[in-house]
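A short worksheet on the structure shown next.
Residue numbers (my numbering): 100 to 353.
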């Protein structure tokens, strides 16, 4: 059995007004690889029709629904409720990380405040999520990169699994990923001129919180190099077991 004290204790807070129900199982699965999900709460006005399909999924995933009526038409009381609860959980000092599930920039300040207390912040949102919220998180993941579920019209019917949803359209011109990999190489290369993939991946996540190889059509980080043979040389590092390294290819040489 794992010693849970050796893993991050994670609090998951979901803005139901700005989150995708179909992605919740895969978000929790992703978070489980980083630590132990202790608290799961979803915030919304569960009396409105647009959230009627959430009941079954919340029950199946053991997510606690937090009811929040709108006090005034056009004003979002859900955000305030979620932020207040987040601060209460922060002051409890029980958690190592928070996962904020929303595509709303209103949680930018909350993410920044949590990080000031050295709390690790995961963010999950759609591609439309403003850059400010993405950069306020330690690790921001696009929900388009996660598999999906079909949600039936009737909340009484079970949720049906489907094929994984397609990642964001793979770039025809790889200039962006080439630029990022070259930038990382300049920072993490060793004395022999090679950059380990593990160190590169960590640097990219720190420099660009929403970096994810799935955005570029790759299942894992090493797969990024399969179509970049004209830009980078990839090899198994000498004297190591399974450690991959790369270096840029100079013009005219390989």
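Just so it is clear, CB atoms sit at the ideal spot from N, CA and C, and this is done for glycine as well.
Supposed contact pair residue 196 and residue 223 - C-beta distance, whole angstroms, cut 8 Å: Within the chain shown, numbered from 1, the residue matching residue 223 stands at position 124. Within the chain shown, numbered from 1, the residue matching residue 196 stands at position 97. Distance from residue 223 to residue 196 at the Cβ level is roughly 13 Å; contact not present, criterion being Cβ atoms closer than 8 Å.
Residue span of the beta strand (DSSP E) that contains residue 335, given as start and end: Counting from 1 along the chain shown, the entry for residue 335 is found at position 236. It spans 331–335 - the beta strand (DSSP E) in which residue 335 sits, taken as one unbroken run.
CA-to-CA distance, residue 236 to residue 220, given in whole angstroms: For this step, residue 220 is matched to residue 121 along the chain shown. For this step, residue 236 is matched to residue 137 along the chain shown. Cα to Cα, residue 220 sits roughly 5 Å from residue 236.
Secondary structure of residue 318, DSSP reduced to three states: The count along the chain shown starts at 1 and reaches residue 318 at position 219. Coil at residue 318, not helix or strand.
Uninterrupted alpha helix (DSSP H) stretches inside the segment 107–190 (no shorter than 4 residues): Fully enclosed alpha helix (DSSP H) runs of 4 or longer: 123–131 and 153–159.
Beta-carbon gap between residue 165 and residue 184 smaller than 9 Å: Mapped onto the chain shown, residue 165 falls at position 66. Mapped onto the chain shown, residue 184 falls at position 85. The answer is yes: Cβ separation under 9 Å.
Paired residues, beta bridge with residue 295 - DSSP: For the purposes of this step, residue 295 is taken as residue 196 along the chain shown, with counting starting at 1. DSSP lists 344 as the beta-bridge partner residues of residue 295.
Rounded separation between residue 301 and residue 286 - CA only: The count along the chain shown starts at 1 and reaches residue 301 at position 202. The count along the chain shown starts at 1 and reaches residue 286 at position 187. If you take the alpha carbons of residue 301 and residue 286, they lie about 11 Å apart.
Beta-carbon contacts of residue 108 that lie in its chain and below 7 Å, excluding the five residues immediately before and after: On the chain shown, residue 108 is found 9 positions in, with the first residue counted as 1. Sequence-distant partners of residue 108 (beyond 5 residues in either direction) whose C-beta falls short of 7 Å from its own C-beta, in its chain, are 134, 135, 137, 193, 194 and 195.
Sequence-distant residues of its chain with Cβ nearer than 7 Å to residue 298 (five each side left out): Looking up residue 298 in the chain shown gives position 199. Cβ neighbours of residue 298 beyond the five flanking positions: 287.
Same chain only: Cβ atoms within 8 Å of residue 323, ignoring 5 sequence neighbours per side: The residue labelled residue 323 in the question sits at position 224 within the chain shown. Hits under 8 Å: 276, 280, 312, 315 and 317.
Pick from 345, 243, 342 and 347 that is closest to residue 118, judged by C-alpha positions: As a working mapping, residue 118 is identified with position 19 in the chain shown. Comparing Cα-Cα distances from residue 118 to each of 345, 243, 342 and 347, the minimum goes to 243.
Rounded C-alpha distance that separates residue 327 from residue 205: For the purposes of this step, residue 327 is identified with residue 228 of the chain shown, where counting begins at 1. For the purposes of this step, residue 205 is identified with residue 106 of the chain shown, where counting begins at 1. Answer to the nearest angstrom: the Cα atoms are 38 Å apart.
Sequence-distant residues of its chain with Cβ nearer than 7 Å to residue 309 (five each side left out): Taking the first residue of the chain shown as position 1, residue 309 is located at position 210. Once the five neighbours on either side are set aside, the close Cβ partners of residue 309 are 233, 239 and 241.
Beta carbon of residue 142 nearer than 9 Å to that of residue 189: Taking the first residue of the chain shown as 1, we reach residue 142 at position 43. Taking the first residue of the chain shown as 1, we reach residue 189 at position 90. Their beta carbons are not under 9 Å apart, which means residue 142 does not touch residue 189 by this criterion.
Paired residues, beta bridge with residue 241 - DSSP: To locate residue 241, count along the chain shown from 1; it is residue 142. In the DSSP output, where bridge partners are listed per residue, residue 241 has 224.
Limits of the beta strand (DSSP E) - the one that residue 200 falls within: In the chain shown, residue 200 corresponds to position 101, counting from 1. Its beta strand (DSSP E) spans residues 196–200.
Nearest-angstrom beta carbon gap, residue 296 and residue 321 [assumed within contact, 8 Å]: Along the chain shown, one-based indexing puts residue 321 at 222. Along the chain shown, one-based indexing puts residue 296 at 197. Confirmed, about 6 Å.
Burial state of residue 178, where buried means 16 or more other Cβ atoms lie within 10 Å: As a first step, residue 178 is located in the chain shown; it is residue number 79 there, counting from the start. Label assigned to residue 178: buried.
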